[in-house]
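There are 2 protein chains.
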Amino acid sequence: MTIQTPVAQLTAEAYPKVTRKTDFKVIDSTDLNYFHSILSNDEILEAQSSEELASFNQDWMKKYRGQSHLVLLPNSTEKVSKIMKYCNDNKLAVVPQGGNTDLVGASVPVFDEIVLSLRNMNKVRSFDPVSGTFKCDAGVVMRDAHQFLHDHDHIFPLDLPSRNNCHVGGVVSTNAGGLNLLRYGSLHGNVLGLEVVLPNGEIISSINALRKDNTGYDLKQLFIGAEGTIGVITGVSILAAAKPKAFNAIFCGIENFDIVQDLFVKAKSELSEILSAFEFMDRGSVEMTIDYLKDMTFPLQNHHNFYVLIETSGSNKKHDDEKLNAFLSSALESKLFSEGVIAKDHADYERLWTWRKSVPPACNINGGYKYDMSLQLKDLYSVCEAVTKRLDEAGLIGDAPKPIVKSVGYGHVGDGNIHLNIAVRVFTKEIEGLLEPFVYEYIASKKGSISAEHGVGFHKKGHLHYSRSDIEIRFMKDVKKHYDPNGILNPYKYI
Amino acid sequence: MTIQTPVAQLTAEAYPKVTRKTDFKVIDSTDLNYFHSILSNDEILEAQSSEELASFNQDWMKKYRGQSHLVLLPNSTEKVSKIMKYCNDNKLAVVPQGGNTDLVGASVPVFDEIVLSLRNMNKVRSFDPVSGTFKCDAGVVMRDAHQFLHDHDHIFPLDLPSRNNCHVGGVVSTNAGGLNLLRYGSLHGNVLGLEVVLPNGEIISSINALRKDNTGYDLKQLFIGAEGTIGVITGVSILAAAKPKAFNAIFCGIENFDIVQDLFVKAKSELSEILSAFEFMDRGSVEMTIDYLKDMTFPLQNHHNFYVLIETSGSNKKHDDEKLNAFLSSALESKLFSEGVIAKDHADYERLWTWRKSVPPACNINGGYKYDMSLQLKDLYSVCEAVTKRLDEAGLIGDAPKPIVKSVGYGHVGDGNIHLNIAVRVFTKEIEGLLEPFVYEYIASKKGSISAEHGVGFHKKGHLHYSRSDIEIRFMKDVKKHYDPNGILNPYKYI
Numbered sequence: 001m002t003i004q005t006p007v008a009q010l011t012a013e014a015y016p017k018v019t020r021k022t023d024f025k026v027i028d029s030t031d032l033n034y035f036h037s038i039l040s041n042d043e044i045l046e047a048q049s050s051e052e053l054a055s056f057n058q059d060w061m062k063k064y065r066g067q068s069h070l071v072l073l074p075n076s077t078e079k080v081s082k083i084m085k086y087c088n089d090n091k092l093a094v095v096p097q098g099g100n101t102d103l104v105g106a107s108v109p110v111f112d113e114i115v116l117s118l119r120n121m122n123k124v125r126s127f128d129p130v131s132g133t134f135k136c137d138a139g140v141v142m143r144d145a146h147q148f149l150h151d152h153d154h155i156f157p158l159d160l161p162s163r164n165n166c167h168v169g170g171v172v173s174t175n176a177g178g179l180n181l182l183r184y185g186s187l188h189g190n191v192l193g194l195e196v197v198l199p200n201g202e203i204i205s206s207i208n209a210l211r212k213d214n215t216g217y218d219l220k221q222l223f224i225g226a227e228g229t230i231g232v233i234t235g236v237s238i239l240a241a242a243k244p245k246a247f248n249a250i251f252c253g254i255e256n257f258d259i260v261q262d263l264f265v266k267a268k269s270e271l272s273e274i275l276s277a278f279e280f281m282d283r284g285s286v287e288m289t290i291d292y293l294k295d296m297t298f299p300l301q302n303h304h305n306f307y308v309l310i311e312t313s314g315s316n317k318k319h320d321d322e323k324l325n326a327f328l329s330s331a332l333e334s335k336l337f338s339e340g341v342i343a344k345d346h347a348d349y350e351r352l353w354t355w356r357k358s359v360p361p362a363c364n365i366n367g368g369y370k371y372d373m374s375l376q377l378k379d380l381y382s383v384c385e386a387v388t389k390r391l392d393e394a395g396l397i398g399d400a401p402k403p404i405v406k407s408v409g410y411g412h413v414g415d416g417n418i419h420l421n422i423a424v425r426v427f428t429k430e431i432e433g434l435l436e437p438f439v440y441e442y443i444a445s446k447k448g449s450i451s452a453e454h455g456v457g458f459h460k461k462g463h464l465h466y467s468r469s470d471i472e473i474r475f476m477k478d479v480k481k482h483y484d485p486n487g488i489l490n491p492y493k494y495i
Numbered sequence: 001m002t003i004q005t006p007v008a009q010l011t012a013e014a015y016p017k018v019t020r021k022t023d024f025k026v027i028d029s030t031d032l033n034y035f036h037s038i039l040s041n042d043e044i045l046e047a048q049s050s051e052e053l054a055s056f057n058q059d060w061m062k063k064y065r066g067q068s069h070l071v072l073l074p075n076s077t078e079k080v081s082k083i084m085k086y087c088n089d090n091k092l093a094v095v096p097q098g099g100n101t102d103l104v105g106a107s108v109p110v111f112d113e114i115v116l117s118l119r120n121m122n123k124v125r126s127f128d129p130v131s132g133t134f135k136c137d138a139g140v141v142m143r144d145a146h147q148f149l150h151d152h153d154h155i156f157p158l159d160l161p162s163r164n165n166c167h168v169g170g171v172v173s174t175n176a177g178g179l180n181l182l183r184y185g186s187l188h189g190n191v192l193g194l195e196v197v198l199p200n201g202e203i204i205s206s207i208n209a210l211r212k213d214n215t216g217y218d219l220k221q222l223f224i225g226a227e228g229t230i231g232v233i234t235g236v237s238i239l240a241a242a243k244p245k246a247f248n249a250i251f252c253g254i255e256n257f258d259i260v261q262d263l264f265v266k267a268k269s270e271l272s273e274i275l276s277a278f279e280f281m282d283r284g285s286v287e288m289t290i291d292y293l294k295d296m297t298f299p300l301q302n303h304h305n306f307y308v309l310i311e312t313s314g315s316n317k318k319h320d321d322e323k324l325n326a327f328l329s330s331a332l333e334s335k336l337f338s339e340g341v342i343a344k345d346h347a348d349y350e351r352l353w354t355w356r357k358s359v360p361p362a363c364n365i366n367g368g369y370k371y372d373m374s375l376q377l378k379d380l381y382s383v384c385e386a387v388t389k390r391l392d393e394a395g396l397i398g399d400a401p402k403p404i405v406k407s408v409g410y411g412h413v414g415d416g417n418i419h420l421n422i423a424v425r426v427f428t429k430e431i432e433g434l435l436e437p438f439v440y441e442y443i444a445s446k447k448g449s450i451s452a453e454h455g456v457g458f459h460k461k462g463h464l465h466y467s468r469s470d471i472e473i474r475f476m477k478d479v480k481k482h483y484d485p486n487g488i489l490n491p492y493k494y495i
């Protein structure tokens, strides 16, 4: 659950039960002298520059705020290694930080941990246009990776709304999903190699690994999604795909979620290799978006219970449009949707996407509770129905002074991923009590995941048992202990 | 290196330096009584049925032969769990075995290890046509998985020449690559969840996991490619793709490997989403295949230094053929190849594939040394050139009585994977001395992998350092020790 508040609060105050581990050393002048001996002035930020420090302590959602007095911004893997070795030897706690766009409090300190920012490691290392292998420092901003590959007729196999800020290394550490997963698959398949600095300063690298390599356990996989708890990713090798030459989209209205699923099956079968997104929104999320996008004309004539945006991308505009038109006609004929439009041109394509991409900000205007979950497709929307019913029966949804504006669901049908947003006028203990643990228990009862793509971080640390078995959690703890025996890396989080 | 010999030899005799670990218990009547108490008669094979036992001791290449007197073939995960717990408690060594089509001696015993065959766990568990999630027992034969999914308008995302024998669980344990990797990606991306029995009998399962799940370290990844050394995979959940409606292929002759790479870049750009295979063969491998396929007419008029087979698969035959024809014309115009043909119909498509699929048997008639490696594409063919030059300079290649018929290379351009085959009239120490460690050192110097898709097994156990760093090997050993502290699972192999 993410409560959005305009004012940041110290995490340590908001969660008084979490206490600073006493075996972590408090930074002193000896430590500072050491860091100054290996780093230049623009690679260290200390307490005196408090305004800049604040941005490293504060998370993207403004929900968590740490109290670090020291940010290190090394510009090489070797320096990261020296920093980690020193911190491990001296039991100084460290939080690795990428673009700090994380949504679960994973990338900011809780107490006085040192922030290790990868921001100064921002170089593209190499690109091989024949194989599509792209290698870069962890701190390369995703937008820059996209631009570089775009200029070389390729695309980065993942895109996110936070592309202007998030780092490639942070995305890998989070195992982010994003908008292209349906087409290009997950990072576990696309990451070819990683360069990682371990808590003791050792560098473990598979960055020169090739597309196929069957020489032993695939260790790099553990760092994908580890949120910086067992090592600091400093370099990434990833498989870039050929850049599509044509994009198109349709936007349609559908009366129930069973038909949404039927349409998805049809799209997989008929659009097949050119299908690149299949997104859904419920009536409530679109109603809020219509209010939010006041000046834009809604693309459909009528209102429906569900809306679906289908994107195609391929190498031949004429072929793609033929396929999409045939799909549209036959879906209308089979009454799979009540109403649908196809983008007339690229501007129209962008406009249709605006109706999907504006749902999250439209639901956030008044603040809200946000959940990111994955479920079997047949159960995907049921969590939204169950939660809405529960809140409605308690008489909490409606016009002011009721506290809840709307409870809505939207997300990625192709990935079985729903975002549940409860838009509120005011945060109340009553709403919270109705939501938790109900939502997590509901997801557990359907064998779903309580975090589809946002991760665990500080936020869901105590909730893993809703999605993972005791034995899995025990093995995860063993992994943490093995790689980070002193527990200095990103403490108080994850596992 | 794989030496193919027509007669099987006891591994223990062929490798006298490998000795039986004395802390493993020798099976006695108490053990047999226990296994009989939990298994029915058709789930146990003992010494008396020696002929059937032999097939479990003998590997696919007839290079390795073990001496097991006991094969257990449990039909449920619970029985696998009981077996493993008992074996762990009693220090009985165990070799998990799937279809036993492995090429590196991973799936047969070395001494008297118990063979744990997954053959009786052969049920499809479920298929969800909406999400494409396919769940099955580990012992389902890949051909049956393909057939099941074919009947449900989907395809298994991986295919292998050994599809009639290999098991789904074995394929995952080997992290097999196969013929569709270029299109559908690796098992690390496609496997959604695994059910695994650990050496101590505990069951760790993520088989209900969904396409997106970011709740902690992705532990299942370690078992993909672990070759049964840290757990026994008993169930697999995998993402099936929609079945393509159209297939086509072109076969062409090319004069040098630089142009092969140029053609690959062009194919990725122009065929893009319908490109599903890009295979190459050198002149020598095709010459041997022409001899092997005596009665078949070679599809091209002239001979060339390289041959490429390009496959497309998609959802619209007319669109695909248009793309492929345009590609063929423009590649001919740009002189990217000297000669090329496109399949006229499905039978012709199958015939073109025969010229690629027959290369391995054509190179094996006289026996041979086989290497499976991956390299950066620019270096891919250079290993074949370097090895051939070395053998030729030693005067070993040519007509009888020279020992070597031909040294040839072929493989998957799309995956950076070359198979180097030295077809011989006779195996000699001189050839072996020229090949090793030269081949491994060459691969190491180019930062390639000494095993692209076949794995490590018994065969490459001592060679990992050519592709992996000391720290990686140390961490791999730690993984093994952690999951299998008694070392009972698939001993003498891997790491």
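First to last, the sequence lines map onto chains A and B. Here the UniProt record's numbering is used: the first residue of the first sequence is 1, the next is one more, and so on. Here the UniProt record's numbering is used: the first residue of the second sequence is 1, the next is one more, and so on. All C-beta atoms in this analysis are idealised placements derived from N, C-alpha and C, irrespective of residue type, glycine included.
C-beta atoms of residue i and residue j nearer than 8 angstroms
i        : j        : result
His146/B : Arg119/B : no
Ser407/B : Thr428/B : no
Asp320/B : Ala241/B : no
Ile290/A : Ala249/A : no
Val171/B : Thr11/B  : no
Asn57/A  : Ser40/A  : no
Leu179/B : Ala277/B : yes
Cys87/A  : Ile488/A : yes
His412/B : Glu279/B : yes
8 angstroms contact criterion, which residue i and residue j should meet: CB distance rounded
i        : j        : result
Asp89/B  : Thr234/B : Between Thr234/B and Asp89/B the Cβ distance is about 19 angstroms, and since that is not below 8 angstroms, they are no contact.
Leu275/A : Thr312/A : 6 angstroms
Val196/B : Gly225/B : Rounded, the Cβ-Cβ distance is 13 angstroms, inconsistent with contact.
Val71/B  : Leu45/B  : 4 angstroms
Asp415/B : Arg356/A : That belief does not hold up - the Cβ atoms of Asp415/B and Arg356/A are roughly 35 angstroms apart, past 8 angstroms.
Limits of the unbroken alpha helix (DSSP H) element including residue i
i        : result
Gln221/A : Lys220 to Phe223
Gly189/B : Leu187 to Asn190
Ser29/A  : Ser29 to Ile38
Ser55/A  : Ser50 to Asn57
Endpoints, beta strand (DSSP E) assigned at residue i
i        : result
Leu70/A  : Leu70 to Leu72
Ile44/A  : Ile44 to Glu46
Val94/B  : Val94 to Gln97
Ser205/B : Ile203 to Ser205
Give the list of continuous alpha helix (DSSP H) stretches no shorter than 4 residues that lie fully inside the segment 109 to 170 of chain B. 142 to 151
Closer than 9 angstroms, Cβ to Cβ, to anything on chain B: give me those residues from the segment 120 to 152 of chain A, in chain order. Asp128, Pro129, Val130, Ser131, Gly132 and Thr133
Would you list, in sequence order, the uninterrupted beta strand (DSSP E) runs of no fewer than 3 residues that lie entirely inside the segment 239 to 265 of chain B? 246 to 254
Just to confirm the assignment: which complete alpha helix (DSSP H) runs, minimum length 4, are found wholly within the segment 262 to 345 of chain B? 283 to 292 and 317 to 333
Unbroken stretches of the beta strand (DSSP E), 3 residues or longer, contained in the segment 340 to 425 of chain B: 368 to 374, 404 to 412 and 417 to 424
Where the segment 201 to 218 of chain A meets chain B: residues whose CB sits under 9 angstroms from a CB there: Glu202, Ile203, Ile204, Ser205, Ser206, Asn208, Ala209, Leu210, Arg211, Lys212, Asp213, Asn214, Thr215, Gly216, Tyr217 and Asp218
Give the residues from the segment 262 to 286 of chain A that approach chain B closer than 8 angstroms (Cβ to any Cβ), ordered along the chain. Phe264, Val265, Lys268, Ser269, Glu270, Leu271, Ser272, Glu273 and Ile274
Minimum length 4: unbroken alpha helix (DSSP H) runs contained in the segment 422 to 484 of chain A: 429 to 435, 438 to 445 and 470 to 483
For the segment 55 to 82 of chain A, enumerate the residues whose C-beta is nearer than 8 angstroms to any C-beta of chain B, in chain order. none
Can you give me, in chain order, the residues of the segment 434 to 448 of chain B that have a beta carbon less than 9 angstroms from any beta carbon in chain A? Lys447 and Gly448
Select from the segment 242 to 257 of chain B all residues with a C-beta closer than 9 angstroms to any C-beta belonging to chain A, and list them in chain order. Ala242, Lys243, Pro244 and Lys245
Listed in chain order, which residues of the segment 476 to 495 of chain A have Cβ atoms closer than 9 angstroms to some Cβ of chain B? Met476, Asp478, Val479, Lys480, His482, Tyr483, Tyr494 and Ile495
Which residues, taken in chain order from the segment 370 to 400 of chain A, show a beta carbon closer than 8 angstroms to some beta carbon of chain B? Ser374, Leu375, Gln376, Leu377 and Lys378
Please list the residues of the segment 447 to 461 of chain A that have a C-beta atom closer than 8 angstroms to any C-beta atom in chain B, keeping them in chain order. Lys447, Gly448, Ser449, Ile450, Ser451, Ala452, Glu453, His454, Gly455, Val456 and Lys460
Of all the residues that make up the segment 296 to 319 of chain A, which are near chain B by a beta-carbon distance shorter than 7 angstroms? Gly314, Ser315, Asn316 and His319
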